[in-house]
Structure formats: C-alpha cells, structure tokens
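Residue numbers (our numbering), protein chains in the order written: chain A, 278 to 665; chain B, 278 to 665.
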C-alpha cells in the first residue's frame, strides 16, 4: 500500500525545523496527522523538566473521542512512560511503535516472561483509559522526548506496518525539530534575560545618579516611557514604522540622557537660590560629560545622539552646539519634549511644579521655538486623548 | 543501482541539524561525500552577505586536483552563480544538479535558444577551470545559499541519475542545516553583543561614579580583573571548577562593588584631612547603599552578596554586619583582597600609595585576620609568579 499523504507530511516535517515555537510545531504535526491519515483523535505529551513529567501539549479529534483536557501531565514514573523510557517496545516487538492489538496477543504468547506480561497488561489498561490504539515515542539521543497517542482510523481498519514505520520515522524528525526549537527558545530566553539585566541595571544606576539631584526622583523612568509613546505616535501619524533599532536607541538614550549629571558638583545641582552664570555653565556641561562617559561603548553609538543633543532647541538657542531644526536628530527632539514636560511637572530648586494643564499648554506654545513641531504635535495628540 | 553509502550520509545529514557551526558542518558533509562516494575532489561555496559573493568554505581531495585555495570568493554576478541563482539548471535539464557532459551535449541541441547556449558555454568554461564535473546548488526558500562542486569519480565512471538525485536531496538537507546553524550563530552573536553592552555600560557608569572619588581612577576595572584571576587560581588549586554562574556573579559584583559610593557626599569622599567618626560612618554605608540600588534587579541576586560583604573581615571586625570566617561568601572574600590590594597601590586622600612589594607583604600578613587564607594563598601564589 502506498501512503498517499506520505510526501506531504515528510515535507511538512522537514520544514518544521524552522518553526521555533515547540508548542506550535507539535500542534501543526498532530493536526496534520489527524487530517491526512484520517485518525479519530491524537494527542502529544512532551517532557517537561520542571514538572518531571510529560505534559499534554495538544489533543485533536472529534469531541468525546479525544483525551479529556483535565488529564494534563503524566508522571515520568507512570507505567506507560516507563515502558517507552526503557525502549521496551523495541525490545519486545522490534519496533518503536506500540500497537494495542499486537500487545494484546503478546499476553497470550508463552515465550514472554511473566514480569513483562504484567507490565504490558498495565500499559494496555492505560491505553484503554486513553482510548489509544497506537503509541509512538519520540526519542532524541535515546531519551524519551515525547509520546504521540493515536486513536482509531476513521474507516475502522487496522494500521498497516508501513504506516506505523512511517509514523515512527516522521516522529523522529519531529523530535529533532522539537529539540531544535527548544534550543532556540532557550537562547531567546537568555537573550531576553540579558536585555532585562542591561535595562534594569541602567535604570538603577541612572536612578542613583538622579537621587543626588533630589528633585527629580523617578524622572528617568517617566521620560523613557513618555519618549517611547511619543515615538510610536509619530510613527502612526506618518503611517510608517520606526525600525526596532531606532526604538532601541531611543529607549537607551532616554535611560541615559542625564547620566552626565554625575560630573556636575552636588552643591550646584541642589542649590536653592539662583545660579551664577558659571554654575549655569557647569550644568550645561552634562550632555557632553554623558557623551564622554558612554563614548567608549561601541554598541551605544546610536543612542549617543540623544544624550548629546537633548538640550538643543528647534530655534538654535539650545546647547551644547546650538544646532537647529532638522539638524537636531529626532531621537534628541523626542527626549527634549519628554524631559521638559516632566521637569515642568516636578518641583525644582528654582521654582514649583506647574499644573499639568499649564505644562501641556506651555509645551504647545513653545512648538517651533524650543521644540520640534513634529514632536509636539504627537505629544499634544496624546494629551488630548488623556494619555498623560 | 543501490547506493551503498546512502543511509549513512542521510543519517549524518539529519544529525547535522545539531551542529551549530556552519563552517564545521560544511567541512563534515564535504569530507564525507568525498570519502563515501569516492570522488576525487569537492568544494563548497557559501553565500556571504557582506562580501556579496560565494566564499570557498572547504576544498577536499588529493593535492593538485582540488580547487586552488587562492580562489576564495566567487562574485554573486559570476556567470556560474548567476546560472543557478536563476534556477536555470532546473529549467533546462529538469533537475537542480548540472552535469558537465549533459550540458556539453545540450550545446548541440537545436531546440535550445542561442542565448541560453552562450550562457551554457560560459558555465562549461567555468566548470573546466574549476575541474568540476557536477555542480549541485543548495537552495533555501528559493535563494541560492551555496553550491557544491564535485570532481570526477575515482573509478573514472559517470555519475548515475540516482546518485545525482540523492546528492540534490542531501544538499537540500544540508542547506536547511546550514540555515539553521546560521540562525543559531546570529542569536549567539546577539547574546554576546548584549552581554558586552551590559558589561561596558556598567563599567562606564562605575567609572563615572569612581571619577567623583578622584583617587581611584581605573580602580573598578583593576579589581574586576584581579578578582577573576584569583578565582581561577582558587579553582586550580582545589582541582575543581567554579560554574559559569559563580564567575559571572563575581564579575558583575566586582564591577558594581563600589556603586553605593554615589550615595556618599562628595566632600567626604574627597576630604584631604582625617575623617570624623560621623564621616567614617557615612563611608561605611556604601555597601548597603549599593545593595539598595541593585536590589530591585532580580538577575543580580547572586552578585549582591559580593557588593554587600566586600568590607567584612575574616576576624569579624569588618562592616556592615561584622560576620566572620566562612560566614563571608567567597565572592565577597575575593573582592575584599582584590579591592584592598588595589587601594594600597593607589594614592588616597589620607595616605600615599604603598610600594607594590610592601602591599603584597601587607596582604600576606593580614591573612586570617582581615582576609580569608584561602583567598590570600591564591593571591600570593599569583604574585610569586609575577602576575601582578
């Protein structure tokens, strides 16, 4: 008998190597087997190290026939699992797949040891409970990675040897794909963890530097969130998307924008009375001090523009360079609005906080003077919607 | 004809999905093909985006027969590459592999367009230069990922159709494995980059905080390097290895050990005269200020012990808690020695730097008093070898 769906399933299994989500991958293959091989129901249990058991990942088939979903995890010492972990099916029947009917008749075979028969009887009982006609283990380097349980064929016929061999081979490809996907997921998890470590440490250190400047507690986090929201609105308004790199640069630049304050003497940052011109100039050094601190870090190149230019003004009257209009990088123009808005909302040594509505009005009135109209338009839209 | 090495190569190709180094993978498959299929020489060119060409990755076979190694990169607009990028072999001959003899006789076929013949003639000339009898392209989702060039069979016979079909199928698996390996490498690269970003940013910020304490420039980097060397020596002496996690925690803890100094007023850190008891107590707060800054960061849990306890003493007379002996975590005991040694070597507001040999002697004489003997022993060994 030629298996008409063989080629199709084989190709699908091959391409699965590029599905890097193990859950999705298992769902795809089980759904395909049920549909193509016309089986009443099928389910897949995948080993889960934390749970020390085999978790039900997917159960497909017509209602009432498939495995009930409240049976979620099979313990790794369960008799069925144990049987396959020890490769018993291969030892007794010469193939990895276990057929209910074959196991049933083996119980009457005099040559099989009594102990093995007892084990088989327990396995058969389990298969009955799970309404399973065929079990197909997935091994990876000898370890039982998962197990596929199949119901009957819809036409009521038996499974052919060729079909079973094919399912076993297919399942071994699926096992590789699953393992591959797990490795990818693990790497992605590590990458995410490392990213979080970077962001959180930077936030913590920025907050510590801020804490010297007693009036600005929480400033960095607020400016960062506000900057990202403004950027996203600008993208929406202009019906394009910033690439991930731009948003990452903006994110890091807003986290680090005031880092240079560490180089400004505390007594100037916290002075209550008016500042002398000399003191004012010391404060104006902070963007360039920040740039000098971060310059050695190649990976921060894209973010440095934000640190350097977040005190430039659209009309060219800002610092450190006095550049204007479109010369000011967008990342810096965004931080400038977010930074100023948050500063207006906070008590400072030299003045009290503005009312929020006054602050919004002030930002609007400075559009095209201190701030880039592109940025203030997005900011004001967000305000109108009650976002801040 | 049955291909006797078929099963072996197929299995090898399947398992290659777990070789995550594309170079190694290509070397393995080419070596196997040359040996098993008994081909005089074989080489593989892999697409390289930066070079905009196909790089020679491996060239196997007896000397003089294989492709000379100075032919390193084939341009992506080269006639041979162009031919396969446009899937011409499949269009003309109905299969992906291109056979020299087949192409040669196609030149005499009247049905083939003149333009195609010209192109084929150029391809044949290239194959002659490369002493190639068969070209097998590797496609991934329609794109030409690489190309395998084969010499003659050792026995002088022609390649069979079945062999060629097998090589094509094999090569398609290899292409998947290569692509998979490339994706892994890319993720690993990103992970490494993110790690560097974290380390460098932390170093930069620690350095900025240090810069307030004018006397300690470069202190953090030196303490970090010294700590890692001491840890490695302790591991060698005790014939075990610290797990990667311990070394990572030590690395991060040494980077961040003095971060709490940001909370100590500048005028105390830089005071030239003697410190009052009150001022001394303010300085003693820095380990706990550091812990409080970093506490919210779950990923830094393992490193916090180093930050918290790096001023504890083996005899219990240290701070902040006055714990002693084995109560002090090893990570903190290591930083303590590295930190003290570097401090002794540096001019401080309250005293001049010690001569290096005096500093080493001082550390030794404080073993079992200020410092853990386990750590000082390793440190002194390193000194004896002239490491510092």
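C-beta: ideal position from N, C-alpha, C; glycine also. Since this is a predicted model, take the numbers as computed values, not measurements.
Check	Outcome
Coil, strand or helix - residue 374 of chain A by DSSP	coil
Within 8 Å, strictly: CB atoms of residue 500 of chain B and residue 534 of chain B	yes
C-alpha distance - residue 410 of chain A paired with residue 329 of chain A, whole-angstrom precision	25 Å
Contact with chain B by residue 413 of chain A, beta-carbon distance below 8 Å	no
Best match in B:620, B:583, B:591 for proximity to residue 496 of chain B [C-alpha to C-alpha]	B:620
First through last residue of the alpha helix (DSSP H) which encompasses residue 359 of chain A	356 to 362
Those residues which DSSP pairs with residue 424 of chain B across a bridge	B:322, B:414
Same chain only: Cβ atoms within 6 Å of residue 293 of chain B, ignoring 5 sequence neighbours per side	302, 454
Contact with chain B by residue 475 of chain A, beta-carbon distance below 8 Å	yes
Contact under 8 Å by Cβ, residue 362 of chain A with residue 421 of chain A	yes
Test: residue 564 of chain B CB closer than 8 Å to a CB of chain A	no
Given residue 599 of chain A as reference, the closest of A:606, A:607, A:608, A:589 once Cα atoms are compared	A:589
Three or more C-beta pairs below 8 Å linking the stretch 569 to 579 of chain A and the stretch 567 to 581 of chain B	no
Segment contact flag, the stretch 366 to 377 of chain B with the stretch 433 to 447 of chain B, C-beta cutoff 8 Å, min 3 pairs	yes
Residue-chain proximity (residue 521 of chain A, chain B), Cβ-Cβ < 8 Å	no
Nearest to residue 661 of chain A (by Cα), restricted to the options A:633, A:649, A:646	A:633
Assumed close pair residue 305 of chain B, residue 296 of chain B - CB separation to whole angstroms, cut-off 8 Å	7 Å
Which of helix, strand or coil DSSP assigns to residue 648 of chain B	strand
Neighbour-count burial assignment, residue 582 of chain A, 16 or more Cβ in a 10 Å radius	buried
Residue 351 of chain B, enclosing beta strand (DSSP E) - first and last residue	350 to 352
Short CB-CB distance (under 8 Å) between residue 372 of chain B and chain A	no
Endpoints, beta strand (DSSP E) assigned at residue 406 of chain A	Counting along the chain, residue 406 of chain A falls outside any beta strand (DSSP E), though it belongs to the alpha helix (DSSP H) covering 391 to 406.
Cβ distance (whole Å) where residue 356 of chain A is taken to contact residue 403 of chain A below 8 Å	6 Å
Residue 431 of chain A beta carbon less than 8 Å from that of residue 316 of chain A	yes
For residue 296 of chain B, the three-state DSSP class (helix, strand or coil)	coil
Residue 568 of chain A - containing beta strand (DSSP E), residue span	Per DSSP, residue 568 of chain A belongs to no beta strand (DSSP E); it is in the alpha helix (DSSP H), 563 to 571.
CB contact below 8 Å: residue 453 of chain A versus chain B	yes
CB contact flag (residue 353 of chain B, residue 308 of chain B, <8 Å)	no
Three CB pairs or more closer than 8 Å across the stretch 549 to 557 of chain B and the stretch 516 to 531 of chain B	no
Residue range of the alpha helix (DSSP H) that includes residue 504 of chain B	496 to 514
Min CB distance residue 556 of chain A to chain B below 8 Å	no
Residue-level contact to chain A via CB, residue 464 of chain B, 8 Å cutoff	yes
Outcome for residue 278 of chain A when other beta-carbon atoms lying within 10 angstroms are tallied against a minimum of 16	The predicted position of residue 278 of chain A is uncertain, since its pLDDT is 44 and thus under 50; no value can be drawn from it.
Cβ neighbours of residue 299 of chain B in the same chain (closer than 6 Å, five flanking residues each side left out)	455, 458, 459
Span separating the alpha-carbon of residue 563 of chain A from that of residue 580 of chain A	16 Å
Chain-ordered chain B contacts of residue 543 of chain A [CB-CB under 8 Å]	542, 543
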